[in-house]
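Structure, as structure tokens:
Protein chains in written order, with this note's numbering: chain U, 1 to 431; chain P, 1 to 398.
Shown next, in the form of structure tokens:
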């Protein structure tokens, strides 16, 4: 079999799936996922999650004497979100689309490590990421920035216009966290040349955009009395007072040339190489600029990149990539995926910092990390129903499996050992 | 690593429902099933093909020295020599505990045995060994045997079939599965094989080698050091299994697995660790079962034997006829059961392997009939199309 369908499934997708035919025409397969992505999955709303959270907190207060961590409905809902995430990635017919979703979720990291944010991350994926993948980046930026998950994660709840009624009363001021990360991580990047003044001005623009966490109708709210009055100047452009200024400012940032350049580098780094070739970055940047930031246009440019198709596979699989690929190749279930992510240090939606999980091999290739990965491979291989190692190798790697690996697998004394060798081979470690 | 989950005992859901369950530790695994009555059956599967001629050397056969020359173990009485099994056969000195059981008439050694298949593929042969058939089945002979028992059908609904259950216990009788939390660690041999693969990658190879050093592995691909975690895991797992089997309402059937037998290179050094683990495990089993040992039979089997001659790496390759053990207080032991085919070149299978003269199915069928006292139809269901392999009589004490 030709190598191109495997590259499509491994590099752009989540790894081939045992028992599922590879696309005969990989280009058409990718194009179809760009043109008609699957409908977003169902899931709890922000309001449902916040109500469940409040219920859980009440329960915990009532049982304060009982030892044990958090309990109640919100834990169940968050667990169900993770399992649904895994199940979808194990069974999807559009793995390129799912990888694209995860890429943007990581670009706009909202981490479950932050208490109130924890139950809302899945909502952000549905409401702000998936809902805008068929459109323009600036629209996604706007919806993500004002999503309760992001507003809570980057502390915009505590950002009060110092001259607003609430600020005057409480003698409180700005929290620049969200504004800074929007400029630094989500849009321009430091290469875009913004100043500390711009950070403060954007923070003022964003004041008032907040979240009601309790009560009968929890969710996003604009608190006019916390909004900083007066005109603001961001990157030399003036924005008026009020709720609507955030959308205007985000529209400007989301269509900025520096933003397109920053996004082009990140996309190329994720799909092509840790140090992406300049030509690939240029092609993506051009596509974004010429389409006013159309995300499908960026995808179309991406799959046309010659560099993205060149073997050998050079991107080191993150734990998430690795666990998904191994589970898809063996028919393992969602529970194994969720446990695997935790065991290998990449629990779903728990990036330690707002810059998300690294897309660089150097940050993942460590001595003990690699040993742990082998342990996990061995553990997974011991829990699988009977599978034929040769069939798994053929499904997972096809012609990309090296002769040495195939020989070692054949010589292994147990199915479990053979699968461990496959998952621990250097070719399986890359995408 | 935490202690084996011996607390997985009566009262826990799996056993209350009358179902089988498994527990696992490292490279070794155990699975259980319930059974009415007090007789216990344990099957130990040695995955990777143990070299029967090495572990039970037929030192009385002049062909052994001719075939194996300097690789043949010294005769009983010499330094590092085999333990004697009564004049013709010896036992590897790492199996001292088993030898004591043999002396107490609690261990039967079976030589020149094999399943009905002639596959030299580990995976195929293990599947056939566990299927109990000449073609691969999706269920194991032990599960099909349990199907005949009265209490195995009551609680089938609603429990997911475990994924950690060996094929031997897989089948229509539902089997729960259990694995301890945390990650298992592969044996040193497997780690070295992985290192050999990783070495080809300039970025991963050196980091992997560093990881191995940090964990205390030697940075070499051939080494005979006895550090495999199974060395300790198997006895601990066997002890846990024995405690469970000893419980009044505990399981009566257990399956344990231990790997590390695929000794293509440096066999003499590499086989010692797995043998000691097996020996310690059997001792733990006897100690843990206490008074129930008298009603216990432990069948130790491997998928096939290995080549009669050594290869160019001081190892042996995949062969045919091999060794099985039957151990326990219920066993009529203290003897070697073998229709010895002889090791002269003409007597070898395809001039390379020990010729099998006894069918493993006969052994298993004998145990099902005489130890578990299963009706004839249940034995037949366990081993389809096995009329040629009649149940072996006389395996058990009267």
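Glycine included, every Cβ here is placed at the ideal spot set by N, Cα and C.
Next item on the list: Report yes or no: do three or more beta-carbon pairs, one from the region 372-382 of chain U and one from the region 108-124 of chain U, lie closer than 8 Å?
Entry: Under the 8 Å Cβ criterion, the region 372-382 of chain U does not count as touching the region 108-124 of chain U, having fewer than three qualifying pairs.
Notebook entry, point to check: Pick from P/143, P/84, P/187, P/168: whose alpha carbon is nearest that of residue 260 of chain P?
Noted result: Ranked by Cα distance from residue 260 of chain P, the options P/143, P/84, P/187, P/168 are led by P/187.
Notebook entry, point to check: With 16 other CB atoms within 10 Å as the buried threshold, where does residue 238 of chain U fall?
Noted result: Exposed, by the Cβ-count rule.
Check: On the three-state DSSP scale, how would you describe residue 4 of chain U?
Finding: The answer is helix: DSSP assigns residue 4 of chain U an H, G or I state.
Check: For the candidate residues U/57, U/171, U/133, whose alpha-carbon lies nearest to that of residue 297 of chain U?
Finding: In terms of Cα proximity to residue 297 of chain U, the closest of U/57, U/171, U/133 is U/133.
Check: At what residues does the alpha helix (DSSP H) containing residue 325 of chain P begin and finish?
Finding: From DSSP, residue 325 of chain P is part of no alpha helix (DSSP H) but of the beta strand (DSSP E) over 322-327.
Next item on the list: Inspect the beta-carbon positions of residue 201 of chain P and residue 235 of chain P and report whether they are closer than 7 Å.
Entry: Against a cut-off of 7 Å, the Cβ pair of residue 235 of chain P and residue 201 of chain P comes out as no contact.
Next item on the list: Tell me whether residue 143 of chain P is buried or exposed, calling it buried when 16 or more other Cβ atoms sit within 10 Å of its Cβ.
Entry: Classification of residue 143 of chain P: buried, given that the 10 Å Cβ count is 16 or more.
Next item on the list: Can you check DSSP and say which residues form a bridge with residue 34 of chain U?
Entry: Under DSSP, residue 34 of chain U forms no beta bridge with any residue.
Notebook entry, point to check: residue 420 of chain U touches chain P at which residues, Cβ-Cβ below 8 Å?
Noted result: Near residue 420 of chain U (Cβ distances below 8 Å), the residues of chain P are 186, 190, 194.
Next item on the list: Can you give me the Cβ contacts of residue 393 of chain P inside the same chain, cut-off strictly under 8 Å, excluding the 5 residues immediately before and after it?
Entry: Within the same chain, residue 393 of chain P has close Cβ partners 366, 370.
Notebook entry, point to check: Opposite residue 294 of chain P in the DSSP bridges: which residues?
Noted result: Per the DSSP secondary-structure output, residue 294 of chain P pairs with nothing in a beta bridge.
Item checked: Interface partners of residue 411 of chain U on chain P, CB under 9 Å -> Correct list: 122, 193, 262, 264.
Margin query: Distance check for residue 93 of chain P and residue 56 of chain P, CA to CA, integer angstroms please.
Written below: The alpha-carbon atoms of residue 56 of chain P and residue 93 of chain P are separated by roughly 10 Å.
Check: From residue 188 of chain U to residue 82 of chain U, what distance separates their C-alpha atoms?
Finding: Rounded to the nearest whole angstrom, the CA to CA distance from residue 188 of chain U to residue 82 of chain U is 31 Å.
Check: Do we get a CB-CB distance below 7 Å when we pair residue 397 of chain P with the residues of chain U?
Finding: Judged by the 7 Å Cβ criterion, residue 397 of chain P is not in contact with chain U.
Notebook entry, point to check: Taking the C-alpha atoms as reference points, what is the distance between residue 38 of chain U and residue 231 of chain U?
Noted result: So the two alpha carbons sit approximately 42 Å from each other.
Check: Beta-carbon of residue 214 of chain P versus every beta-carbon of chain U: anything under 7 Å?
Finding: Judged by the 7 Å Cβ criterion, residue 214 of chain P is in contact with chain U.
Next item on the list: Run down chain P in chain order and give the residues with a C-beta less than 8 Å from the C-beta of residue 406 of chain U.
Entry: The contacting residues do not exist; residue 406 of chain U stays about 11 Å from chain P at best.
Check: Can you find at least 3 beta carbon pairs, one from the region 394-405 of chain U and one from the region 362-372 of chain U, that sit closer than 8 Å?
Finding: Result no; under three Cβ-Cβ pairs closer than 8 Å.
Note to self: Measuring only the C-alpha atoms, how far is residue 47 of chain U from residue 284 of chain P?
What the structure shows: Straight-line Cα distance between these residues: approximately 57 Å.
Check: Which one or two residues does DSSP pair with residue 232 of chain U in a beta bridge?
Finding: Paired residues: U/239.
Check: Based on Cα-Cα distance, which residue from U/29, U/16, U/87 lies nearest to residue 335 of chain U?
Finding: From the listed residues U/29, U/16, U/87, the smallest Cα separation to residue 335 of chain U is found for U/87.
Next item on the list: Anything in chain P within Cβ reach of residue 368 of chain U, meaning under 7 Å, just list it in chain order.
Entry: Residues of chain P passing the Cβ test: 211, 214.
Next item on the list: Following the continuous beta strand (DSSP E) through residue 111 of chain P, name the residue where it begins and the one where it ends.
Entry: It spans 107-114 - the beta strand (DSSP E) in which residue 111 of chain P sits, taken as one unbroken run.
Note to self: On the CB-based measure, 16 or more other CB atoms within 10 Å of its CB, does residue 329 of chain P come out buried or exposed?
What the structure shows: Classification of residue 329 of chain P: buried, given that the 10 Å Cβ count is 16 or more.
Note to self: So with CB distances below 8 Å, who are the chain C contacts of residue 203 of chain P?
What the structure shows: Going by chain labels, chain C is absent from the structure shown, which instead holds the protein chains U and P.
Next item on the list: Give the interface partners of residue 200 of chain P over in chain U, defined as CB-CB distance under 7 Å, in chain order.
Entry: Within 7 Å of the CB of residue 200 of chain P, the CB atoms of chain U belong to 404, 426, in sequence order along the chain.
Next item on the list: Compare the C-alpha of residue 322 of chain U against each of U/160, U/309, U/312, U/338 and name the closest.
Entry: The residue among U/160, U/309, U/312, U/338 with its C-alpha nearest the C-alpha of residue 322 of chain U is U/338.
Check: Opposite residue 353 of chain P in the DSSP bridges: which residues?
Finding: Assignment of beta-bridge partners to residue 353 of chain P by DSSP yields P/307, P/349.
Notebook entry, point to check: Just to confirm, are residue 276 of chain U and residue 269 of chain U a CB contact at a threshold of 7 Å?
Noted result: In this structure, residue 269 of chain U lies closer than 7 Å to residue 276 of chain U by Cβ.
Note to self: Between U/24, U/380, U/76, U/170, which has its C-alpha nearest residue 424 of chain U's C-alpha?
What the structure shows: Proximity to residue 424 of chain U across U/24, U/380, U/76, U/170 peaks at U/380, based on C-alpha coordinates.
Check: Under 7 Å between C-beta atoms, does residue 415 of chain U make it to chain P?
Finding: Yes, contact with chain P.
Check: Can the beta-carbon of residue 146 of chain U be found less than 7 Å from the beta-carbon of residue 179 of chain U?
Finding: Not in contact: residue 146 of chain U and residue 179 of chain U (Cβ atoms no closer than 7 Å).
Note to self: With a threshold of 8 Å, are at least 3 pairs of Cβ atoms found where one atom belongs to the region 162-174 of chain U and the other to the region 219-226 of chain U?
What the structure shows: Three or more beta-carbon pairs separated by less than 8 Å link the region 162-174 of chain U to the region 219-226 of chain U, which places the two stretches in contact.
Next item on the list: Using only alpha-carbon positions, find the residue among U/386, U/157, U/343 that is nearest to residue 138 of chain P.
Entry: Measuring C-alpha to C-alpha distances from residue 138 of chain P to each of U/386, U/157, U/343 identifies U/386 as the nearest.
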